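Peer 1: Chain order of the listed sequences is D and S.
Okay, so the first sequence: first residue is 1 according to my numbering, each after it adds one.
Okay, so the second sequence: first residue is 1001 according to my numbering, each after it adds one.
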Amino acid sequence: GQNIDQPTEMTATEGAIVQINCTYQTSGFNGLFWYQQHAGEAPTFLSYNVLDGLEEKGRFSSFLSRSKGYSYLLLKELQMKDSASYLCAAYSGAGSYQLTFGKGTKLSVIP
Amino acid sequence: DTGVSQDPRHKITKRGQNVTFRCDPISEHNRLYWYRQTLGQGPEFLTYFQNEAQLEKSRLLSDRFSAERPKGSFSTLEIQRTEQGDSAMYLCASSLAGLAGALSFGPGTRLTVL
C-alpha cells in the first residue's frame, strides 16, 4: 500500500524560510515529487528527487532520504504569493505510472 | 505552449445522469492521466494512457467510469449514472516519456451532482 503524511497547515512570515516535511511508505519507490497548488487552481510541478540528497531550484529546494522514507521542501525568502498548498507525491514505478499524493500542506505567508 | 485544456470547466448534473468530460493534452505529450480531487485531499489517480492505449486503471475506479483516447490525442472521461459521491474536481494531466511524475495539469472540471 501507499501512505503519504505531511502537516495539514503551516504559517510563516514573509522573507523567512519554511520547511515542509513529508514522510512516505510505499510498496515501491522511484521518486518523490513536490507540487504547488493555489486555491481553486490545478497543481503545478515544482521539484523532484530520485536519489538521496538536496536538489536546489531557485528559492525552492527539495531533500530526500530514501532510507528514512522522508523528504522536505524548503522555501526561502518567502513571498506572499507562496501562500498555497504544497503536495508531496510518491512515484512507485515498477509498471505503475500513478503518483500517490499526500493531502497537502496549506502554507499561509503573513506580513 | 498552450498547456492542457479541459472542457467544460464546471458541470452541474442531477443524480443518475451521465456526464462526459474532455481533455486536450500538450501536443507533444504522449502520456495522459486522469485524477480526481476532493476538498482537503490530494489528487487521486484514476487512469493512465500512453498514446491511445489505456495502460493503467485505479482499482478503486467504479465500472461507471470509462475513459478513452481514441487517436492518441484528446481524451474523454465518462461517468454513467452519477452519484453525489462523484462530486469532485476532475483533473487531466499530460507528460512526456522520461520523467514520470512531472505532470502538467489542466485547470480541471468541477462536477457537482445534485
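We put the beta carbon where it would ideally sit given N, CA and C, even for glycine.
Since we're looking at a predicted model, the values are computed, not measured.
Bridge partners for G53 of chain D per DSSP, in chain order?
Peer 2: By 1-based counting over the first sequence, the position of residue 53 of chain D is 53. BP columns for G53 of chain D point to D:L64.
Peer 1: List the endpoints of the continuous beta strand (DSSP E) containing H1010 of chain S.
Peer 2: Residue mapping note: residue 1010 of chain S aligns to position 10 of the second sequence, counting from 1. Its beta strand (DSSP E) spans residues H1010 to T1013.
Peer 1: Would you mind working out which of D:C22, D:R59, D:Q37 and D:H38 sits nearest A16 of chain D, comparing C-alpha positions?
Peer 2: Within the first sequence, residue 16 of chain D is the residue found at index 16, counting from 1. That would be D:R59, whose Cα lies nearest to the Cα of A16 of chain D.
Peer 1: In chain S, which residues lie less than 8 Å from S65 of chain D when you measure between Cβ atoms?
Peer 2: Locating residue 65 of chain D in the first sequence gives position 65, counting from the first residue. By Cβ distance, chain S contributes nothing, its closest Cβ being about 18 Å from S65 of chain D, past 8 Å.
Peer 1: What residues of chain D sit near Y1048 of chain S, judged by a beta carbon separation below 7 Å?
Peer 2: In the second sequence, counting from the first residue as 1, residue 1048 of chain S sits at position 48. Chain D residues near Y1048 of chain S: Y97 and Q98.
Peer 1: Is any beta-carbon of chain D found at less than 8 Å from that of L1091 of chain S?
Peer 2: Mapped onto the second sequence, residue 1091 of chain S falls at position 91. Chain D contact via Cβ: present.
Peer 1: Enumerate in chain order the residues of its own chain whose CB-to-CB distance from F1074 of chain S is below 8 Å, with the five nearest sequence positions on each side excluded.
Peer 2: Indexing the second sequence from 1 puts residue 1074 of chain S at position 74. Closer than 8 Å at the Cβ level, and outside the excluded window around F1074 of chain S, lie R1022, C1023, D1024 and P1025.
Peer 1: In the structure shown, what three-state DSSP assignment does D82 of chain D receive?
Peer 2: Locating residue 82 of chain D in the first sequence gives position 82, counting from the first residue. Three-state DSSP puts D82 of chain D in a helix.
Peer 1: Using only CA atoms, which one of D:N30, D:P7, D:M10 and D:W34 lies nearest to C88 of chain D?
Peer 2: Taking the first residue of the first sequence as 1, we reach residue 88 of chain D at position 88. It is D:W34 whose Cα lies nearest to the Cα of C88 of chain D.
Peer 1: How many Å lie between T1183 of chain S and E56 of chain D at the Cα?
Peer 2: Nothing can be reported for residue 1183 of chain S, as the shown portion of chain S is limited to 1001 through 1114.
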